[in-house]
Each structure stands twice: as structure tokens, then as C-alpha cells.
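Chains as they are written, first to last, in my numbering: chain P, 63 to 451; chain F, 47 to 399.
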């Protein structure tokens, strides 16, 4: 296509992208203050200020990473339809601001644990595109060695604890991680993400009670995209004010489509959690795709609603407007950035496609700890015996 | 494949003693339906025939993720067919309470993989209610339906077969149909059975299996196994979608001169020991196959019981061809599953023992 030819020509001629960029716009971390789009709504605490400290570098990083996340999810959509990704695939496009804003407020020592809509969180935690696509296609180079798939991304060195299929089950786990952090005096917090559907699970309240009782640095983040699969929030919850559901636990409602509001809220939550104990954040966000690739996403909501959100509240568009209004880049430069990103994603996909599937012997690895000595039998229980490594 | 099973089903003469006379639906004709439509019909009939029956679960209102509950909410109203929030433990507990008041609660758990939060309610509340209250109370009206089993790409949490966990609980019944015609009759029996029942539906067959299903109200008795294919050399026992695979293996074995008898257990708890015993006493060999992992799977119970009852008649050890002892894998599913070839190999090994 014409577009790809242009980008490959420019890649050959110009300098590496970021260097070229430097010549045209100031990325020298000049501090910029951004106002969040909406005020925060607080429950049992004082809301943080609407003015968010940022910098020109951060603004551009936000744009780049969110565009990368968006492109990655759209590419995953095509791969799924081409049957290269099988099983279940839950896409995050529309919700990028939550992943990006959270990362900006914390360090890699703070833990994040989430449900199955985890591709972008993994990327935000420092995962590579190659690992993402390999895992999605079930290849060896994937972050979980191809054994997990879309729903089970993990990254231990960045304290990303995954990647869970059973709804709500990750929240008590997150509180346990927070306990360990407090016990080890790590000065770190855990963000346990869940959705509006999971907010009605009993285990959440059990975990919240325990966290509040023992003042654990656990931050429960409800990514409220208003639909639990196909069920609208008002049909599933008597009180869809998820930030208030903690009752005795403070909460904050945040515009989840505004990356800076998310950043401010997460920073506030981290300070709160380290000092006083658990807090609930409700991110008011939206997903453009359906629940998963098997869900068209239009039987329970109108196309007007989806396109309305895309026009009014799209997180990438918002950052783009900020970048342009602060004169950090021109339209053309941003478009070039997007083309670069598209190529990067295409390259990662091509590389992942070449990667081999896991060896059949991998079926038996890591069931137990290595060297445990358990045996697994072949079909007739007599001839084939494999010692589980 | 399932239609083949349907047409070939026949009860052996000597088995009808002791099981009472009942009308056989095996030769009746009807409309060609797939599994989810047959289950849908059964639910329509159940709600129609008893005004105190309810269907609820996640997303059942619009028809459910597998379309088993289509049309119910429109026909019987939102007060009898309704959606619940995402809480399996709450859903089953709520169903037990409803059943305790004399209603028929037909609960849907969206995937059998998600049934574990409700495990406590099923084991500790539902199964023991009648026993611990000295028959003052019971939740017999409770029926829990859940799609189970592999589909080819389900991965860890959309493919599990948890029937073995529930077969260990006295007080509940566990039923698994193999085809649309069976499913409709068995489901109606489960709903009307005065004990709590867990009904696992093979999700792989929801669209794949098509069979002639009689349109009227009929019930297939529980705790009665069925010999769906007669033979003399070896008895094969299975349930649900696995029977399709086993039948393919039987056909292949026949080409090599081995005559296989195939039994559909239908009800796993309490299971029909007499039918299997009679068959093994005739053939002298037994092979059990299921998708769930082999260690602690229900095949172990069948094997132990048959060993007790038929020890002197056995010509070879009881063979079990089951899923491997690993979590249900993603890309390794073809290796994990008890495939036709694995079963065929085992048939030959057992017969040539």
C-alpha cells in the first residue's frame, strides 16, 4: 500500500524516529499542568486537585503508547478473525487511558493484578509486542511460553501478576500480594483491577473487609465500562456507584477516559494506601469492542452510543488535542508516529508468526514443582510413562 | 454421529427386568433439532407444566450464551425467567432457598468451569438439606444446568469436565446426556426429580449434534444406563460427547474383527451398576473413557465397583482412557484429549491381553 511505502522510505532516509522528533519539538520535560476534564467524586475522603503535573515528554509518551496499544488491539482483532488467535480474546481498545495513567503514577515495584482484558496492562508494564503476539498465537516466545493465551499474561520482573479467567478471583489474590508488600516493608502498593460485572462477586467484599481490617496497601480499581458482558450495570447492581460500595472504605470516582485524571487518582490512591489502607477507585471507561471477539458488541448497546463515546471521549483524541494545543508536535508528525507504530506492530506480528509452537513435552511441565517425581500415564497406563519434570 | 447413536439405541431384553416398564422414545420420530433447541424445548415444557418453576442465571433473559433459554422470558415473563448478577455462589444459594419453598428452581451456571464458587452451596447446603433436617425440608426442586467439556479452543476455563467432584457427594444426582433426544427427556426427568440434580450439557454438541426429537412431553428415567451398541468382546462405558468418539473407535475396531458393546451411563450418580455388570460378565473386558483427568476421575469408581462384582469374569485389567493429569491445556488440547486412536489402541491391547 502507498502508506507503507512512504514509511519504509522515510525510515531508510531519516534518523531513528525519536532523534528526528527531537529536532522539531521540545521534549525537554518542560513541566506542563493539565486540568482534568471532570472533577473527582469522593467517598469518605477529600478528592485530589484537578490540576495534574505533567511534562511535554510525558504527554508525547502517553500519545505514543496509547496509539501503540490501540493499534495492537486492532491487529489482534484481525488476527483472531484470520483464526491465528484461537480461544478467547478480550480487547481493551477504548480503555487505554486507565493502563497508561496508572503506569505513570507508579513504579515497577508496585504490583498490578487484573482479569482477562490484560494485553494493554502487560504492555504498560514493559512487555514487548513480540511477547504479546506470540502468546496470543500460542507460540514459545510468548510471555507465558504459549501455555496461557490471551487471558493469562504475566510479567514477574515488573510485578504484573496477570491475567485471570475467573471473574473476581484476582481481587483476593491482589489483597494477599498487598499483605506481603506490607509485611516486607516494601513501600509498594497493589492495584487489583476488576470490572463492573465482577463488582458483584462476594469474594471482593471478603477481600475488602480483610484489607480494611489489617490496613493493607491494596487499591481496588473498578474498570467500569458499564457492561458486564452484555448486561448493563443498572441491571446487575442495585448501586452502580462502585466507588461507594466499599462502605467504610474510601473511594474515588474518576473519568477513565482521561489519562491525566487516572494518573492523579492513582498517585492519590498510592499515597493513601501506604498511609491509611485500602481505597477503591472507579474508572468510568468504555470499551469499543464487545466483551470478547465472539461478541459483536451491538446487541445490547446502540451503535450511536459507541460512536458517540468515540467522538466525545476517546482517550487518544484527547491527548492528541493536548499535544497539538501545547505545540508539542504537528498533525503530520503525529500521523507519522502512527504509521511508525503500525509498522512496528506489523513487524512484531510477522516475527511472532515465525515463532514455533511449544514442544509437546511442555504439556507436562510446570504442573508441579520440578523434580517432584509425579508420573503421568499414557492412554493404556502401561507402556507410556512420563515423569512430570 | 449423534444421529447414528440415536438410531442404534436399543435396550437389551434381559435388562428390562427390574427397571419397570416404560414407553421407549428411541424409535419415535419428531422434529430435527440440535442440542440447544432440544434443551430449550424441555425448558419450555417444564415451565409450561408447572407454574411454580423458574429459570435464572447469567444472561438467560435474552436466550443465554448458548441459546438454551431462547423465548422463555418472552413466553413466561420476567418474573419467572430472569437474569442474575455475576455471582455463582449467590445464584445457587438463592436457588436452594427457592426450592426449599416448594418451587422448581432451574439454575444455569454459564460454564461448568465457573461452578466452583457454588461448590460449597451444592455440597454443604443442597446435598444435605433433607438429611440434616430429618426430612422436614428439602431442595429437590433444584436443577443446576451447566455446559461442560472441550470445544477445541476453550483453554483452561471453558473446557473443564468437573463431574467427578460432584459424584463424590451423596444427596445430589449427576446427569449427562449424549444427544438432543436424550437431553430433552433427561432434563425433564431431572427437573421433576424430587432430589437436587446437577445436569452437565456437552457444549461441543450444542450445534453439532442433530437428531429427531419427539415434540411431546416425555421423560427418560434416571439411573438407567443404556446399551447403545451391542457386542461380545469388550464393554465400553462413557457419557456425554465422549460417546461420539468412542463409537468411532468401535466402528474401527469392528473392521479388525473386535465386537464392542457401548454403554451410555447417562446418570453418573447414582449410576446403573447392574447394566454395566451384566455387560462385563458377558464380554469379560471393560474400557472407560472420559475427558476429565484420569486420576480420581469417575472412571476410577466404575473400575473399582466392576472389579468387586466381576472379578472372576474379567479377562483383562480395566482400561481407562481419559484426559491427562494436567490442567486443561490451550494449544496442547489434541494431546490431552482421549482421542479415537488412543481408545482404539486400548481396545486392541485389552482384547489381546
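For each residue, glycine too, the CB sits at the ideal point set by N, CA and C.
{"Query": "When Cβ atoms are compared, which residues of the stretch 267 to 300 of chain F fall closer than 7 Å to chain P?", "Result": "none"}
{"Query": "Look at the Cβ atom of residue 141 of chain F, then the Cβ atom of residue 222 of chain F, and state whether they are nearer than 8 Å.", "Result": "no"}
{"Query": "So, residue 194 of chain F versus residue 158 of chain F, is the Cβ gap smaller than 8 Å?", "Result": "yes"}
{"Query": "Counting along the chain, where does the alpha helix (DSSP H) carrying residue 361 of chain F start and finish?", "Result": "No alpha helix (DSSP H) holds residue 361 of chain F; DSSP gives it neither H nor E."}
{"Query": "Please report how far the alpha carbon of residue 317 of chain F lies from the alpha carbon of residue 311 of chain F, in whole angstroms.", "Result": "7 Å"}
{"Query": "Let's test the definition: count the other Cβ atoms within 10 Å of the Cβ of residue 182 of chain F and tell me whether it reaches 16, buried, or not, exposed.", "Result": "exposed"}
{"Query": "Kindly list, in the order they appear in chain P, the residues whose Cβ is closer than 7 Å to that of residue 202 of chain F.", "Result": "227"}
{"Query": "Compile a chain-ordered list of the residues in the stretch 157 to 189 of chain P whose CB is closer than 8 Å to at least one CB of chain F.", "Result": "none"}
{"Query": "List the residues that DSSP assigns as beta-bridge partners of residue 253 of chain P.", "Result": "P/174 and P/281"}
{"Query": "Could you work out which residue in P/128, P/137 and P/283 is closest to residue 408 of chain P when comparing CA atoms only?", "Result": "P/137"}
{"Query": "Hey, would you say the C-beta of residue 278 of chain F is under 7 Å away from at least one heavy atom of the ligand GDP?", "Result": "Questions concerning the ligand GDP fall outside what the structure shown contains, since it holds no ligand whatsoever."}
{"Query": "Hey, is residue 398 of chain F's beta-carbon within less than 8 Å of any beta-carbon in chain P?", "Result": "no"}
{"Query": "Which value, in whole angstroms, describes the spacing of the CA atoms of residue 261 of chain F and residue 91 of chain F?", "Result": "10 Å"}
{"Query": "Would you tell me roughly how many angstroms separate the C-alpha atoms of residue 173 of chain P and residue 431 of chain P, rounded to the nearest one?", "Result": "24 Å"}
{"Query": "Do you know how far the Cα of residue 296 of chain F is from the Cα of residue 307 of chain F?", "Result": "8 Å"}
{"Query": "Assuming residue 171 of chain P and residue 250 of chain P are in contact, meaning their beta carbons sit under 8 Å apart, how far apart are those beta carbons, in whole angstroms?", "Result": "4 Å"}
{"Query": "Am I right that residue 429 of chain P and residue 372 of chain F are in contact with their C-beta atoms under 8 Å? What's the rounded C-beta distance?", "Result": "5 Å"}
{"Query": "Check each candidate in F/398, F/335, F/362 and F/350 and name the one with the smallest Cα separation from residue 383 of chain F.", "Result": "F/335"}
{"Query": "Residue ranges of each beta strand (DSSP E) run of no fewer than 3 residues wholly in the stretch 172 to 221 of chain P, ordered along the chain?", "Result": "173 to 175"}
{"Query": "Shorter than 8 Å from the beta carbon of residue 336 of chain F to some beta carbon of chain P?", "Result": "no"}
{"Query": "Report the residue from P/402, P/377 and P/406 whose alpha carbon sits nearest the alpha carbon of residue 154 of chain P.", "Result": "P/377"}
{"Query": "With DSSP run on the structure shown, which of helix, strand or coil describes residue 87 of chain P?", "Result": "Any reading at residue 87 of chain P must be qualified, since the residue scores a pLDDT of 49, below 50, and its modelled position is unreliable; no value is offered."}
{"Query": "Scan the stretch 254 to 273 of chain P for residues whose Cβ lies nearer than 7 Å to a Cβ of chain F and list them as they occur along the chain.", "Result": "259, 260, 262, 263 and 264"}
{"Query": "I'd like to know if residue 68 of chain F contacts chain P, where contact means its C-beta is closer than 8 Å to some C-beta of that chain.", "Result": "Here the model assigns residue 68 of chain F a pLDDT of 42, short of 50, so the residue's position is not dependable, and the following value carries that caveat. No - not a single Cβ of chain P is within 8 Å of the one on residue 68 of chain F."}
{"Query": "Anything in chain P within Cβ reach of residue 377 of chain F, meaning under 7 Å, just list it in chain order.", "Result": "200, 208, 419 and 420"}
{"Query": "If I measure Cβ to Cβ from residue 452 of chain P and keep anything under 7 Å in the same chain, skipping five residues before and after, which residues do I get?", "Result": "In the structure as shown, chain P starts at 63 and stops at 451, and residue 452 of chain P therefore has no counterpart that could be examined."}
{"Query": "Taking 8 Å as the limit between beta carbons, can you name the residues of its chain near residue 61 of chain F, skipping five residues before and five after?", "Result": "Note on residue 61 of chain F: pLDDT 28, under 50, position unreliable in the model; no value is reported."}
{"Query": "Measuring only between beta-carbons, confirm whether residue 160 of chain F sits less than 8 Å from chain P.", "Result": "yes"}
{"Query": "Using the rule of at least 16 other Cβ atoms within 10 Å of the residue's Cβ for burial, across every protein chain shown, is residue 380 of chain F buried or exposed?", "Result": "exposed"}
{"Query": "Residues of chain P with CB closer than 7 Å to the CB of residue 135 of chain F, please, in chain order.", "Result": "264"}
{"Query": "Tell me the rounded alpha-carbon separation between residue 442 of chain P and residue 333 of chain F.", "Result": "A caution first: residue 442 of chain P carries a pLDDT of 47, below 50, which makes its placement in the model unreliable, though a value can still be read off. Residue 442 of chain P and residue 333 of chain F: Cα-Cα distance of roughly 10 Å."}
{"Query": "Unbroken alpha helix (DSSP H) runs of length 4 or more, entirely within the stretch 302 to 357 of chain F: which are they?", "Result": "319 to 329 and 344 to 356"}
{"Query": "So what's residue 369 of chain P in DSSP terms, helix, strand or just coil?", "Result": "helix"}
{"Query": "Quick one, which of P/196, P/226 and P/208 has its alpha-carbon nearest residue 376 of chain F's?", "Result": "P/208"}
{"Query": "Mind checking if residue 290 of chain P is an interface residue toward chain F, Cβ cutoff 8 Å exclusive?", "Result": "yes"}
{"Query": "Kindly list, in the order they appear in chain F, the residues whose Cβ is closer than 7 Å to that of residue 148 of chain P.", "Result": "199"}
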